[in-house]
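Chains as they are written, first to last, in our numbering: chain P, 464 to 851; chain R, 12 to 331.
Step one of this worksheet: look at the structure below.
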Amino acid sequence: MKSAYNETSIYNLAVIKETKRWYKHHFIDQQQFNTIAEAYKTPLYHPNFIIRILLFVATLFALAGVSGLFFLFFGSSNEHGILTASIFYGIISFIFLELVFLKNNHYKSGVTEALLYHAIGFTIVGISGLFDFDNFHVTLFCCLLIFSFSAFRYLDLLCTIAAILSFAGVLFFEFYSVGGIFQQIIPFIFMIAFTITYIVSKKLKASPTLRIWRNNLLMIEAASLLFIYIGGNYLVVRELSVNLMDLSLEPGDNIPFAFIFYGFTIFIPLVFLYWGIRSKDIVILRVSLFVIAFTVFTFKYYYSLGHPEVSLTGAGIILIALSIALFNYLKIIRGGFTRENLLSEKWGNVNVEAFIISQTMGGNQANTVTEDTGGGGGFGGGGASTDF
Amino acid sequence: MTKETPKELFEKGLITRDQFNKIDLVVSRKIVSVFYELRTLLYLGVMLFTTGAGILIYQNIGEFGHIISIITLSILTIVCFWYAFTHVPPYTNTKVKSATPYFDYIVLLGSLLFISIQGYLEFQYGTLDENLGASTLVTSAFFFYIAYRFDHTGILSLAITALASFWSISVSPQKWYSGNFFSGSNLHIIAIIFSSVLAVIAILLDKRSIKKHFTFTYLNFCMLIFFVGSITGLFMGDLYGIFLLLIYTGCAFAYYLARWEKSFLFLLYAFVAAYIATTYLLGRLVIREEIFLWFFYSIASCGGFIVFIIKYKNHFSKEK
């Protein structure tokens, strides 16, 4: 089995995308960029992000119509009939995707993603439905199989994440259902399994023959690091033990081997951070920042002092001071790190930033008399929905 | 894209040795930029700090520690603006490169703290109930001044939201979910007028070459407010013909602006609004409750749209 795409086309597209970033950051001039784009011509249709969203939504609406008609015809048959039809319909969608769009060089065009998720959805629901939905072995293995297949063949990133999550699900539930000692060692199984996944994906990423899957492997790498941490995190282990394994904890009691998990919760982020700085690996570095925040949250969760506003202010001061100090420290290149923006990221756009600021920082409340908050009361809108 | 790509390009003679040396440093990760990581940390810091401080000053009102915290915040605000004013280059109508990578967050921090303190003072001295309107107007004016003086698009969007909330319009997707976008009746009409006037002002400013890079932010807010306002009017149902015309006019205008600003986002707004309006019209006149017709409509309309976009793909692929 191989990818549904021509490898050279994908590679050329990646080169064009990358050199466009160089051009935007004035590493090369327009003339050169045009020459490169000509030399690495690709037949793939890969529109920009907004057009992709438009096409994605339009395709979903159109498919809703198709599925509606399809199931109006089959809706009268019995449950088995509908589910079989659903699998059949999902497989037809896969074939349709390949023959109509991939043959015409669509590459992540919005249409392809919509069709793919649609096909996956119907196939998985159909298969797990045939097993009455409650056989989680079948459901999870089926998810793992179909998501891995889609991630591999269509290079889809969301499917890659879904496949990793299904893998974690399989790992967890298979050991969980065996019971006994196997339930106890799930955290360690997770840490070992995802360490292996991490090392393997990192090795594979370096291989030039697998270069078109580079982004997928990157996702696996980051997700594996997160799962290594989650496997050892005190909060996760404790809450899962209490909720799923019927461990009843009296106040003052603790989970078995609590000190080990406290240790993991503290040291894994530090190891990540150290290793990230040491090897100049931006993936570990980002994951480490994220898990440090989660470690702080874990400890605040169990040892709260009851003053969240003081913690917020304190954390804010620390973060501001730390980042400004680092900005000043990295004014010159130190240890290979610089504060300068060398090549912009897709999301490092000033307009997106402005929108995020307006959605999370005050100024949002409507001027109605019933609201008794002043200018300062409305901060902290939380997770902004950036429908950009 | 692999680590060998720059070398490959260099060997093919597509980039010069100089460029190769520079690019290879970055691609092979001999130099790693932590620009966005640090900016994200700083952003989180500012957000946590202002949120925490905002809650803090409303607690323990009248106690001793409270007065100290107000004084501390005031000093901090002054420090922020002192830093900002001493580091900012003189005002120009064009884009200004900021002095340090964290300059704009210092300005943001100062502005947010200033607003916290202003809000607190009004709360404490009881002028709030009568003058809430005036207070948002002051906030907005202050934000506009800061935005133009320090060339800060983030503050500009805060200024626009504050100005909109002076007219009781709440600009936040979070509010749209809960259906509280217009807390009173006829607010959608105010929203339509407000956004149209603001758009005209933004375009006039652009024509005079005053902070041209602000135009996108202005127009983005205007379009969101305009379309949500007019679609709300449409769904109210009585005068739907008028709102239909308004939406179509808005779409035509948004399409024109999309070409002008080279923004695909505006194009997205135009298509979505036009689709909603047309679907509403057809639903009301032709399709009604025929489920079959609805299925066929969604297939035909969306399918047609997809074909249209793909067929004219060159038309829709101009880079910003």
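C-beta atoms are modelled at their ideal positions from N, C-alpha and C, and glycine is treated no differently.
Item, Value
"What residues in the stretch 492-504 of chain P bring their beta carbon closer than 7 angstroms to a beta carbon of chain R?", "Q495, T498, I499, A502"
"Under a three-way DSSP split, which group does F490(P) fall into?", "coil"
"Where does Y308(R) sit, in a helix, a strand or coil, going by DSSP?", "helix"
"Given S8(R), which residues of its chain have a CB within under 7 angstroms of its CB, disregarding the five upstream and five downstream residues?", "A question about residue 8(R) goes unanswered here, because the residues of chain R that appear run from 12 up to 331."
"Pull the bridge partners of S44(R) from the DSSP assignment, please.", "T801(P)"
"If you draw a straight line from the alpha carbon of E713(P) to that of V705(P), how long is it in whole angstroms?", "11 angstroms"
"Might you give, ordered along the chain, the residues of its own chain that have their beta carbon closer than 7 angstroms to the beta carbon of I683(P), omitting 5 neighbours on each side?", "T623, I627, T660, S664"
"So is W271(R) buried or exposed if we call it buried at 16+ other beta carbons inside 10 Å?", "exposed"
"Give the DSSP-derived three-state secondary structure of H770(P) in the structure shown.", "coil"
"Would you kindly check if the distance between the Cβ of G531(P) and the Cβ of G589(P) is under 8 angstroms?", "no"
"What does R616(P) reach in chain R if we use C-beta pairs closer than 7 angstroms?", "Here the premise fails: no neighbours, minimum Cβ distance about 20 angstroms."
"Which one of P732(P), V773(P), Y765(P) has the shortest CA to CA distance from F753(P)?", "P732(P)"
"Does the Cβ-Cβ distance between G63(R) and L775(P) come in under 8 angstroms?", "yes"
"Between which two residues does the alpha helix (DSSP H) carrying A281(R) extend?", "275-293"
"Taking only three categories from DSSP, how would you classify H326(R)?", "coil"
"Alpha carbon to alpha carbon, what distance is there between F307(R) and L579(P)?", "22 angstroms"
"Using only the alpha-carbon positions, how far apart do I675(P) and S472(P) sit?", "10 angstroms"
"Cα separation between S556(P) and A625(P)?", "19 angstroms"
"Just verifying my parser: in three-state terms, what is the DSSP assignment at H163(R)?", "coil"
"Does the distance from the CB of F496(P) to the CB of K483(P) come in under 8 angstroms?", "yes"
"To the nearest whole angstrom, what separates the beta carbons of R441(P) and A467(P), a pair I think is in contact under 8 angstroms?", "Absent from the structure is residue 441(P), since the part of chain P shown begins at 464 and ends at 851."
"Quick one: list the residues of chain R neighbouring G438(P), beta-carbon separation under 7 angstroms, in chain order.", "Absent from the structure is residue 438(P), since the part of chain P shown begins at 464 and ends at 851."
"Taking the C-alpha atoms as reference points, what is the distance between N231(R) and H199(R)?", "17 angstroms"
"Just the C-alpha distance for L710(P) and L593(P), rounded to the nearest angstrom, thanks.", "34 angstroms"
"Below 8 angstroms on the Cβ atoms is my guess for T672(P) versus N696(P); work out the distance and round it to an integer in Å.", "That belief does not hold up - the Cβ atoms of T672(P) and N696(P) are roughly 36 angstroms apart, past 8 angstroms."
"Against chain R, does T602(P) count as a neighbour if the rule is that its beta carbon must be under 8 angstroms from one of theirs?", "no"
"Between which two residues does the alpha helix (DSSP H) carrying F870(P) extend?", "There is simply no residue 870(P) to check, as chain P begins at 464 and stops at 851 in what is shown."
"May I ask you to list, following chain order, the residues of the stretch 54-68 of chain R that have a beta carbon less than 9 angstroms from some beta carbon of chain P?", "Y54, L55, G56, V57, M58, L59, F60, T61, T62, G63, A64, G65, I66, L67, I68"
"Would you say V759(P) lies against chain R (beta-carbon separation less than 8 angstroms)?", "no"
"Measuring only the C-alpha atoms, how far is A175(R) from G315(R)?", "37 angstroms"
"Bridge partners for H569(P) per DSSP, in chain order?", "Y508(P)"
"Candidates A521(P), S591(P), N791(P): which alpha carbon is nearest E576(P)'s?", "A521(P)"
"Any C-beta of chain R sitting closer than 8 angstroms to the C-beta of P506(P)?", "no"
"Can you have a look at E22(R) and say buried or exposed, based on whether 16 or more other CB atoms are within 10 angstroms of its CB?", "exposed"
"Would you say N475(P) and Y508(P) are within 8 angstroms of each other, going by their C-beta atoms?", "no"
"Give me, in chain order, the residues of the same chain whose beta-carbon lies closer than 6 angstroms to that of A110(R); leave out the 5 immediate sequence neighbours on both sides.", "H98"
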